[in-house]
Amino acid sequence: LAKTTQPISMDSYEGQEVNITCSHNNIATNDYITWYQQFPSQGPRFIIQGYKTKVTNEVASLFIPADRKSSTLSLPRVSLSDTAVYYCLVGGRGGSQGNLIFGKGTKLSVKP
Amino acid sequence: EAQVTQNPRYLITVTGKKLTVTCSQNMNHEYMSWYRQDPGLGLRQIYYSMNVEVTDKGDVPEGYKVSRKEKRNFPLILESPSPNQTSLYFCASNPTGSPEQYFGPGTRLTVT
Chain A
2 LAKTTQPISM DSYEGQEVNI TCSHNNIATN DYITWYQQFP SQGPRFIIQG YKTKVTNEVA
62 SLFIPADRKS STLSLPRVSL SDTAVYYCLV GGRGGSQGNL IFGKGTKLSV KP
Chain B
69 EAQVTQNPRY LITVTGKKLT VTCSQNMNHE YMSWYRQDPG LGLRQIYYSM NVEVTDKGDV
129 PEGYKVSRKE KRNFPLILES PSPNQTSLYF CASNPTGSPE QYFGPGTRLT VT
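First to last, the protein sequences are chains A and B.
Under this note's numbering, think of the first position of the first sequence as 2, with each following residue one higher.
Under this note's numbering, think of the first position of the second sequence as 69, with each following residue one higher.
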C-alpha cells in the first residue's frame, strides 16, 4: 500500500501562496493523488485530484512530477479561513475506495 | 439537500455493550466508507462498500462489522466495544468514477 508523508505543520500569512508537498514513494501505476481539507469537528472536504503533471481548479493547483513519487498542493493567496488540516491521499481512481491511506495530514495555520 | 447523515453524533457507552452507528446518504452513491480519526494518526479506513451486499476491509477493521443491505445505508456495528475504540468516526460516500467523497458530520464515541 502506498503510504504518504507530509509535513506535520506549516505557517503562512494572509495573501501568500502556500505549497504543501506530499511524498508517496510506493505509488502504484493506477493510483491517483487526492487532497482533502478538514476543519475542526467537521468531515474532510475534497479539494483536488490528479494523476500526472498539473491540475488546476477554482481553489487549488496540484503539481505532480514525472516520477509521481511526490505531489505539491498549491493554494494561491491564502486567507485566515484556509487554516485547516490538509490530507494527501493516494489510491485507486475515482470510486475505487479500497484501502485508502489518508496519512496524518498537514496542519496549516494562516496568520493575519 | 445532498448529504450524509450519521447517528448518533455523540455516544458514551461501556465496554462490551453492543452498539450501532448509522450512516445514510441521499445521493444514490454506490461507494460508502467508514473511517476513524485519532489524534496524531489522521484518518484511517475501517471498512468500505462498493455497492449493496459488497463490503471489504480497510486499514483497521478489527473489532468492527458493517452491512450494506440498502444502497443508502451503511451501519457500523461494534459487537463488543472496548476503550481503544474511543474515537471520532466518519462515514463517507461517493459515486462510481468520482474522486470526491462526501463526509458525514462525525460521531464521537467514548467507551469506558
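Note that CB positions come from ideal geometry on N, CA and C, so glycine has one too.
Report yes or no: is there a C-beta of chain B within less than 7 Å of the C-beta of F105/A?
The amino acid at residue 105/A is misidentified as Phe; the sequence shows Lys. Closer than 7 Å: yes.
Report the residues of the region 43-54 of chain A with a CB closer than 8 Å to any CB of chain B, ordered along the chain.
Q43, G44, P45, R46, F47, Q50
Report the start-end ranges of each beta strand (DSSP E) in the region 4-51 of chain A that is 3 residues or longer and not cut off at the edges.
10-14, 19-24, 32-39, 46-51
What do you get for D32/A, buried or exposed, if any count of 16 or more other CB atoms within 10 angstroms of its CB means buried?
buried
Classify N162/B: buried if its beta carbon has 16 or more other beta carbons within 10 angstroms, exposed otherwise.
buried
Hey, would you say S62/A sits closer than 7 Å to C23/A, going by beta carbons?
no
Three or more C-beta pairs closer than 8 Å, one from the region 102-110 of chain A and one from the region 76-94 of chain A: is that the case here?
yes
Which of the residues in the region 158-170 of chain B, read from start to end, lie with their CB under 9 Å from any CB of chain A?
F158, C159, A160, N162, P163, T164, G165, S166, P167, E168, Q169, Y170
I'd like the list of long-range same chain contacts for R77/B, defined as Cβ closer than 8 Å, with 5 residues on each side in sequence excluded.
P173, G174, T175, R176
Classification of P113/A by the beta-carbon crowding that lies within 10 angstroms, buried from 16 upward
exposed
For L79/B, collect the residues of the same chain with a Cβ closer than 8 Å to its Cβ; drop the 5 residues on either side in sequence, then sort them by chain order.
L87, V89, T175, R176, L177, T178
Which one or two residues does DSSP pair with V56/A in a beta bridge?
L63/A
Beta-carbon within less than 6 Å of P8/A's beta-carbon, same chain only, minus the 5 sequence neighbours each way: which residues are those?
T107
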